[in-house]
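Participant: Chains as they are written, first to last, in full-length UniProt numbering: chain A, 1 to 813; chain V, 1 to 344. My structure is below; once you've seen it, I'll send some questions.
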Amino acid sequence: MKVSYQWLNEYISLEGLPAEELAEKMTRGGIEIDGVEQLNKGVSGVVVGYVKSKERHPDADKLNVCKVDVGTGEELQIVCGAKNVDAGQLVPVAVIGAVLPGDFKIKRAKLRGVESQGMICSAKELGLNDKLLPKEQQEGILVLPTGTAIGAPIGEVLGLDDEVLELDLTPNRSDCLSMLGAAYEVAALTGRDVKLPNNSVLHAAIKTEDYVSVDVQATGQCHHYSARYIKGVKIGESPLWLKNRLMAAGIRPINNVVDVTNYVMLEYGQPLHAFDADKIPGGKIVVRPAREGETLVTLDEQERRLEPHMLVIADGNAPIALAGVMGGASTEVTGDTVNLILESAYFDGGVVRKTSRQLGLRSESSIRFEKEVDHAAVVPALNRAASLIAELANGLVAEGVVESFTREPKPAAIHVSLDRINDYLGTSLSSLEVRTILARLQFPYEMDTNDVFTITVPTRRGEITRDVDIIEEVARLHGYDNIPTTLIHGDAIPGALTKPQAIRRELRKRLADSGLYEVVSYSFTSPARTALFPVLTGDAKHVKLSMPMSEDRSVLRTTLIAQLLETAIYNRNRRNETSALFEIGSVFHTREETLTKLPQEKHRFAALLTGNRKEKAWNEAPAAYDFFDAKGIVETLLSVLGLSSKVSYAAANPEHFHPGRTAAVTLETADGPVVIGYVGQLHPAKQVEWDLADTYLVELELAPIYELADDHLVYKPLPRFPAIERDIAVVVDSAVPAAGLTAVAREKAGELLESVSVFDVYTGERLGEGKKSVAMSLLYRHAERTLTDEEVTSLHAEVVQQLEQSFGAELRK
Amino acid sequence: MKERLEELRGEALRELQEVESQGALNDLRVKYLGKKGALTEILRGMGSLSAEERPVIGGVANDVRAAIEAVIEEKQVAFQEAETNRRLAAETLDVSLPGRALPTGAIHPLNKVAQEIEDVFVGLGYSIAEGPEVESDYYNFEALNLPKNHPARDMQDSFYVTEDILMRTHTSPVQVRTMQAKKGEAPIKVICPGKVYRRDDDDATHSFQFNQIEGLVVGKGIRMSDLKGTLLQFVQQMFGSQAQIRLRPSFFPFTEPSAEVDVTCVQCGGHGCRMCKGTGWLEILGCGMVHPRVLEMGGYDPEEVTGFAFGMGVERIALLKYGIDDIRHFYSNDLRFLGQFARM
């Protein structure tokens, strides 16, 4: 909403309150002022001139030499290039010494040999927003209406000595979509009085009811409809003061009748509509839902297909306007219109909103109806418009208003005590302070002996319905700055992270400290990307957005590694071949084609390694990431979470992973072993397709980890007795997993085996085809005493024997 | 015998004078002083000496031994010194060459900032509540006093999945879920961090996906002044003890009264600069007293308890904190960007 400072000054005195100061005051009071625009963009010395004569320039086809009277008694000769300049016009003249926007100074000049003592100006040259002017006024010089005083400063004539406040209104303050609303707000802030416009109607000796009938059939959607009949109007241009105000508010002047309806809408916030009465048979107005298949050509000459949820104004049979949104072309007020039916109504906000959204048709009218108008302004606005039309278009206003109420406005009565206000805000306001604020708001109230207020809220502030709404009014007018700063009283409760939150932080910290970079990727992705790793989605489907911004971001991610790959490719394209990335976040799975319940959101952890673990340096050769870097991440993290003994790895061959370099990660849970994810190399075919170096991927489900992680660290006493270490190398078939060997060793040796680790794996001709040698180091220790060499030797021999039995292992000598 | 000893001394000292290697020195030690060495050899003849001569010759022999040992020791030290010098010369490094770095990665700046904010509130006794990113219309809007067709829904353009399911547009639904889960029990003190989604054309300051952290406090006698105090504590911990706040009346459907909160400009300290457009203030969060309708829908009696809520954008705070010029950097995950956060 654009509010002209000078116009506002008519409803409330702004004396001693310059626009900038007013803007700051309003902003701090809750009506944010986005900016204060000076209408005068730097015009001075421009006056109204009368073009007495126009002659063709002797040496230039496109120039005219005009004799202009600017009221000084001296006739000015001005060369003008505008096509539309003509003798008899009143025009803005920048005389010698005048300044135009952009600090453009007017000097004595010669144009093609002819002296020019000034310049006749166009709207644009005066810095006006010429988009709101008729086309011919945009192209040439600005022609002023007859009767404009010669010699008058143009700033006065065009209302340029004004500033416009741009109100950025929150949805609850639609009351300020009007000059009067803004005036009430300023009154609340300053304690000054509001002056209401004159809306007394001098009516003619005819009666509205003889010309107009109103039948509201859609009682739920139209709460109040009122109409007046105005006879014998003379359609023409509006006076400049009216046009200036409309333009300052950003509204295009059309003709005197339409301009008045818009003017009054700006004044009261109540949209009005004028129909050409002679186009409505019998003056019969019906307010009803649109019928299936009906159409209406609106004022913008678009044919609109209507639906039954839309509300229309109809004559006896067809729609003539879309209620609250836009009028129809068939009953438009044109130059030939003589008689009017003037409408002022209260249409339901929801209905108007839905219609306007569906048709993509937002108007000054629909914006106001959507947020609910003021019941109490419907008839006053109608009368105000009627009186202005009588004045400006010489209409004869018929006596009486034809109206239909389907819902009586009932001002809300709200009870709130002084204690409640102070308890809520933490203030210690006195009863007098609260009463002062209510008085400034012009909210009538009563107060009982216990300082309980009963407040009758005017309908113009329809959003105020509860005690807290009143408390807010008190708070903002008292000033948020004046509310004290306190601390919550009562027992302090300790804050803490939940186990999953603590685990995620631990993972982040460990990974970042180990050289990986955390990524936050978009949750929206393409269907193709969700299909990349079916093993990570199982039989779940992806979730589709109903109106995506693009195909690329049309569904929710089902895996994290697909997103990490996108990041790796992005960085590769920026000459970063090496990426060590991880992400912790949700993926979204559903089993439904069309969601009837929320999808499953699964927290996951993923990592990607590609390129070099070690970059080349003066003292080191480069080393590429390999499978065991990725696996090492999983092992380390699970070990940090106390899960080492519960996890196992088995060769796996899921789609788009390297078939020989991928493992399923299995966690032993209360319900048995569960595969919680995969670690492996990206399939070489995909790697080549995306032009990446060897790439290793990890994706793990976090829920089972959250559940099983051991976050309770307990100290174990240091060993008091020495350990005995024995190394062993066995030759087995290549297919035998090393983990199988160590597991058997652990099982056989039992408690005495403290640890077993593989320290060498060797394949070579000497061993024969399909064979490998695995060397392990076994550490034996007894917690209570020193082991004897004999004990260890015999136990170790049993281990060797078991390896021979289980795997056909041969001891390597 | 005495002559032979003197002769030996002369010979040994002469030979030692010329010795040039540790090996040769060892050989000479054996040759003269060893068990089978020349000195021992001579001393074997002591038995044939008279009792008077024996101590005299013994004394001479000791002198000779001491003289030879002294020279050997002297040579020994010289050789060791030379050896050490040789080694030091050989081992000299170009210390200007770079060392082996410890691995350094980084937590994403959004999570870094979020964790920092979380830590402040956990320190103030808040717990962290989480909820789904795909939400029902009920939790995202209706239970927050935003019925269908409410004009305030225009404030947030949403990504719908179905008519009743959408990507949450704020983390406020977690507040409702928290209240419902608490079943009327007070107090509640939580913050709700997480990703949210709004239909927005991406540009330097807008992203369709972003992160919010909201806070909710519900209890007996919670006042708006407590909200101000809490926010002041927060900004002072986050931006330094000189930071001040300013509340401006605003509107959110789920709070009443509502306010936008400005913090002293982090760049100019409130004097006015380009970052704060000369005002000295930066808008960082929205807040208010929990609307009684929201309390009711959460299962609380607004006559019994009151509450406050606040919400901020993590991106906004991170942009301000690090002076980042484009919000899109957070989601492109360019390593040249992420790499800058590998430090304190």
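For each residue, glycine too, the CB sits at the ideal point set by N, CA and C.
Measure from the C-beta of Asn482/A to each C-beta in chain V and report whether the shortest distance is under 8 Å.
Facilitator: Answer no: the Cβ-Cβ gap between Asn482/A and chain V never drops below 8 Å.
Participant: Taking the alpha-carbon of Lys771/A as reference, which of Leu14/A, Pro308/A, Thr662/A, Val730/A has the nearest alpha-carbon?
Facilitator: Nearest option by C-alpha distance: Val730/A.
Participant: Which residue marks the beginning of the alpha helix (DSSP H) containing Trp7/A, and which one marks its end?
Facilitator: Per DSSP, Trp7/A belongs to the alpha helix (DSSP H) from 5-8.
Participant: Against chain A, which members of the stretch 159-173 of chain V pass a CB distance test of less than 7 Å?
Facilitator: The stretch 159-173 of chain V vs chain A, Cβ under 7 Å: Phe159, Tyr160, Val161, Thr162, Ile165.
Participant: Report the three-state DSSP secondary structure of Met1/V (helix, strand or coil).
Facilitator: Met1/V falls in the coil class under three-state DSSP.
Participant: If we ignore side chains and look at the alpha-carbon of each, how far apart do Val30/V and Pro719/A end up?
Facilitator: Roughly 50 Å separates the two Cα atoms.
Participant: Is Arg288/A helix, strand or coil when you go by DSSP?
Facilitator: Strand at Arg288/A.
Participant: Strictly under 8 Å for the Cβ-Cβ distance: is Ser514/A near chain V by that measure?
Facilitator: It does; some Cβ of chain V falls within 8 Å.
Participant: Arg553/A: beta carbon under 7 Å from a heavy atom of the ligand NAP?
Facilitator: The model on display carries no ligand, and the ligand NAP is accordingly not part of it.
Participant: May I have the straight-line CA-CA distance separating Gln563/A from Ala617/A, to the nearest angstrom?
Facilitator: Cα to Cα, Gln563/A sits roughly 31 Å from Ala617/A.
Participant: Can you give, in chain order, each stretch of the beta strand (DSSP E) that sits fully within the stretch 92-178 of chain V and has at least 3 residues?
Facilitator: List check, beta strand (DSSP E) in window: 134-136, 165-167.
Participant: Whole angstroms are fine: how far does the CA of Lys62/A sit from the CA of Lys83/A?
Facilitator: Going by the C-alpha atoms only, they are around 8 Å apart.
Participant: Who are Ala606/A's beta bridge partners in DSSP?
Facilitator: DSSP output for Ala606/A lists Glu583/A, Glu699/A as bridge partner(s).
Participant: For the pair the stretch 686-706 of chain A and the stretch 737-752 of chain A, tell me if three or more CB-CB distances fall below 8 Å.
Facilitator: The stretch 686-706 of chain A is not in contact with the stretch 737-752 of chain A.
Participant: When the Cα atoms are used, what is the spatial distance from Ile204/V to Leu319/V?
Facilitator: The sequence given here has Ala at residue 204/V, not Ile. Their backbone Cα atoms lie some 11 Å apart in a straight line.
Participant: With a threshold of 6 Å on Cβ separation, who are the neighbours of Val79/A within its own chain once the five nearest residues in sequence on each side are excluded?
Facilitator: Correct list, in chain order: Leu63, Val65, Leu111, Val114, Ser116.
Participant: So, using beta-carbon positions, are Val47/A and Val95/A closer together than 8 Å?
Facilitator: Yes. Within cutoff.
Participant: Can you find a C-beta in chain V that's less than 8 Å from the C-beta of Gly30/A?
Facilitator: With 8 Å as the cut-off, Gly30/A counts as an interface residue toward chain V.
Participant: Can you tell me whether DSSP reads Pro444/A as helix, strand or coil?
Facilitator: Residue state, collapsed to three classes: coil.
Participant: Which bits of chain A does Thr306/V rub up against, with CB to CB less than 7 Å?
Facilitator: Chain A residues near Thr306/V: Tyr424.
Participant: For Gly672/A, which beta-bridge partners are listed by DSSP?
Facilitator: Its beta-bridge partners are Thr669/A.
Participant: Between Ala227/A and Tyr11/A, is the Cβ-Cβ spacing less than 8 Å?
Facilitator: Cβ atoms of Ala227/A and Tyr11/A: not closer than 8 Å.
Participant: For Ala345/A, which residues does DSSP report across the bridge?
Facilitator: The partner list for Ala345/A (beta bridge, DSSP) reads Tyr225/A.
Participant: If contact means a Cβ-Cβ distance below 8 Å, which residues of the stretch 322-343 of chain V contact chain A?
Facilitator: Flagged, chain order: Phe330, Tyr331, Ser332, Asn333, Asp334, Leu335, Arg336, Leu338, Gly339, Ala342.
Participant: For Gly490/A, go through chain V and note every residue whose CB falls closer than 8 Å to its CB, in chain order.
Facilitator: Per Cβ cutoff of 8 Å: Pro187, Gly219, Lys220, Gly221.
Participant: What in chain A is Cβ-close to Asn149/V, meaning under 7 Å?
Facilitator: The contacting residues are Gly350, Arg353, Lys354.
Participant: Applying a beta-carbon distance threshold of less than 8 Å, which residues of chain V neighbour Ala496/A?
Facilitator: In chain order: Val122, Ser127.
Participant: Taking C-alpha atoms, which residue in Ser794/A, Asn339/A, Leu158/A lies nearest to Leu396/A?
Facilitator: Answer by Cα proximity: Asn339/A.
Participant: Taking one C-beta from the stretch 337-344 of chain V and one from the stretch 499-519 of chain A each time, how about it: are there three or more such pairs within less than 8 Å?
Facilitator: Verdict: yes, contact present.
Participant: If you run the structure through DSSP and keep just helix, strand and coil, what is Lys135/A?
Facilitator: The answer is helix: DSSP assigns Lys135/A an H, G or I state.
Participant: Measuring only the C-alpha atoms, how far is Ala607/A from Val314/V?
Facilitator: About 24 Å.
Participant: Within 8 Å of any Cβ in chain A, is that where the Cβ of Arg248/V sits?
Facilitator: True, the Cβ-Cβ gap to chain A drops below 8 Å.
Participant: Nearest-angstrom Cα distance between Gly288/V and Glu433/A?
Facilitator: Going from the Cα of Gly288/V to the Cα of Glu433/A covers about 22 Å.
Participant: DSSP three-state call for Lys110/A: helix, strand or coil?
Facilitator: Strand at Lys110/A.
Participant: Distance check for Ile57/V and Ala51/V, CA to CA, integer angstroms please.
Facilitator: Going by the C-alpha atoms only, they are around 10 Å apart.
Participant: May I ask you to report which of helix, strand or coil DSSP gives Ala663/A?
Facilitator: Residue state, collapsed to three classes: strand.
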